[in-house]
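These notes concern the structure reproduced below.
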Amino acid sequence: MLYINQLKRSITLIVVFITTVSVSFAQSYYHSPNDTIIGTAIYEDVSVFNITQVHPTADTISFRWKKYSVAIPATWEASICDNGNCYTTLKDSGTMATIVTGDNGLMSLHVNPHLQSGTGIIRYSIFATNTPSQVDTLTWIITAIAPNAVIEVSTLQPEIIIYNKRIAIKTLNDEYSQVILHDLNGKVLCHKDIQAGQTSISTQEYPTEVLILQLTGKRNFITKIFNY
Numbered sequence: 001m002l003y004i005n006q007l008k009r010s011i012t013l014i015v016v017f018i019t020t021v022s023v024s025f026a027q028s029y030y031h032s033p034n035d036t037i038i039g040t041a042i043y044e045d046v047s048v049f050n051i052t053q054v055h056p057t058a059d060t061i062s063f064r065w066k067k068y069s070v071a072i073p074a075t076w077e078a079s080i081c082d083n084g085n086c087y088t089t090l091k092d093s094g095t096m097a098t099i100v101t102g103d104n105g106l107m108s109l110h111v112n113p114h115l116q117s118g119t120g121i122i123r124y125s126i127f128a129t130n131t132p133s134q135v136d137t138l139t140w141i142i143t144a145i146a147p148n149a150v151i152e153v154s155t156l157q158p159e160i161i162i163y164n165k166r167i168a169i170k171t172l173n174d175e176y177s178q179v180i181l182h183d184l185n186g187k188v189l190c191h192k193d194i195q196a197g198q199t200s201i202s203t204q205e206y207p208t209e210v211l212i213l214q215l216t217g218k219r220n221f222i223t224k225i226f227n228y
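Position 87 of the sequence shown, counted from 1, bears residue number 87 in UniProt numbering, the numbering being contiguous throughout.
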């Protein structure tokens, strides 16, 4: 009986230890608005796109970050800021100032496309120094358009249907003329004209699970899709 009681006590201590370790190493922050931003940059202007590391707990935390991949048009200017420093380029890596109770982390992308249209995809990995194995990837998908394109308004958004490794794009007007499929590193996987009514693309040959779908023409439309 004594042996059984000791065994139960040992099992209880092990469970408590595992639970404590799990809680200790859980992430104490989240990304806002998300870990991915899809945005628009204006010609000859600096557009700012912030991803905040919201820190609701009472502990202190420190972040390290590293450039993962960059694919942007040649004449664009882009730079990165964190919660303590702003850099003049897309710096390779850095460490944020320590985040104290009531403060948040920040990864802020600044983009000036000048007069070149196109889409850029910038990715940074980030982790808290107390949980280095839990690495997140932040992604900015930015499209540059001319200033007069911003005021064009349409209530007829394209309908995107994903099924059996295929993408069907239904458009009800002539606002979109081409479809471009990218991977998350900015590589163009497919570029074709949009057919009247419906255009279909096979994604069977693309192993990546996340793709970027862009429609161009009189207007720009861009979205992230999951290739299941």
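Ideal placement from N, C-alpha and C gives every residue a C-beta, glycine not left out. Computed from a predicted model, the values in this text were never measured in an experiment.
Inset, instruction - Answer yes or no: do PRO73 and GLY118 have a C-beta to C-beta separation smaller than 7 Å? - result: Yes; because the gap between Cβ atoms is below 7 Å, this pair is in contact.
Inset, instruction - Could you pull out every residue in the same chain whose Cβ sits closer than 6 Å to the Cβ of VAL135, ignoring the five residues on either side in sequence? - result: For VAL135, the CB contacts under 6 Å within the same chain, skipping 5 residues up- and downstream, are SER125, PHE127 in chain order.
Legend entry - Limits of the beta strand (DSSP E) - the one that LYS67 falls within: Element bounds for LYS67: 63 to 71.
Inset, instruction - Could you tell me which residues DSSP pairs with ILE170 in its beta bridges? - result: Strictly speaking, residue 170 in this sequence is Lys, with Ile absent from that position. Residue pairing by DSSP places LYS170 opposite GLU159, GLN198 in a beta bridge.
Inset, instruction - Return the bridge partner residues of TYR30 from the DSSP annotation. - result: TYR30 is bridged to VAL54.
Inset, instruction - Report the rounded CA-to-CA distance for LEU106 versus TRP76, giving the unit in angstroms. - result: C-alpha separation (whole angstroms): 22 Å.
Inset, instruction - Please report how far the alpha carbon of ILE18 lies from the alpha carbon of GLN53, in whole angstroms. - result: Confidence at ILE18 is low in this model, with a pLDDT of 37, below 50, so its placement is unreliable and the value that follows should be read with caution. Whole-angstrom Cα-Cα distance: 27 Å.
Inset, instruction - Rank PHE221, LEU181, ALA196 by C-alpha distance to the C-alpha of LEU172 and give the top, closest one. - result: For the residues PHE221, LEU181, ALA196, the minimum Cα distance to LEU172 belongs to ALA196.
Inset, instruction - Answer with buried or exposed for THR139, where buried requires no fewer than 16 other C-beta atoms within 10 angstroms of its C-beta. - result: Label assigned to THR139: buried.
Legend entry - Where the beta strand (DSSP E) through MET107 begins and ends: According to the DSSP assignment, MET107 belongs to the beta strand (DSSP E) that extends over 105 to 112.
Legend entry - Cutoff 6 Å; reference PRO207; Cβ partners in own chain excluding five residues on either side: Around PRO207: no qualifying Cβ.
Legend entry - For ARG166, the nearest candidate out of GLU175, PRO56, CYS190 (CA to CA): Among GLU175, PRO56, CYS190, the Cα nearest to that of ARG166 is on CYS190.
Inset, instruction - Consult DSSP for ARG123 and reduce its assignment to one of helix, strand or coil. - result: Under the three-state reduction of DSSP output, ARG123 falls in the strand class.
Inset, instruction - Take SER79 as the anchor and find which of THR60, VAL48, TYR68, THR98 has the nearest alpha-carbon. - result: In this structure, VAL48 is the residue among THR60, VAL48, TYR68, THR98 with its C-alpha nearest to the C-alpha of SER79.
Legend entry - Three-state secondary structure assigned by DSSP to THR216: The answer is strand: DSSP assigns THR216 an E or B state.
Inset, instruction - Identify whether VAL188 lies in helix, strand or coil by the three-state DSSP scheme. - result: Note: VAL188 maps to strand in three-state DSSP.
Legend entry - Distance between GLY186 and VAL210 (C-alpha atoms, nearest Å): Those two C-alpha atoms are separated by around 12 Å.
Inset, instruction - Kindly indicate which residue of PRO132, VAL46, THR57, ILE42 has the alpha-carbon position closest to the one of THR88. - result: For THR88, the nearest C-alpha among the options comes from VAL46.
Legend entry - Of the listed residues THR40, SER108, LYS91, GLU44, nearest to SER32 (C-alpha basis): It is SER108 whose Cα lies nearest to the Cα of SER32.
Inset, instruction - Would you mind stating whether THR64 and THR95 have Cβ atoms separated by less than 7 Å? - result: For the sequence presented, residue 64 should be read as Arg rather than Thr. It is a contact, given that the beta carbons lie within the stated cut-off.
Inset, instruction - Could you say which of GLY120, ALA58, ALA41, ASN34 lies nearest to ASN112 if we only look at CA atoms? - result: In terms of CA proximity to ASN112, ALA41 leads the group GLY120, ALA58, ALA41, ASN34.
Inset, instruction - State the DSSP-derived secondary structure class of LEU211, mapped to helix, strand or coil. - result: Of the three classes helix, strand and coil, the one that applies to LEU211 here is strand, per DSSP.
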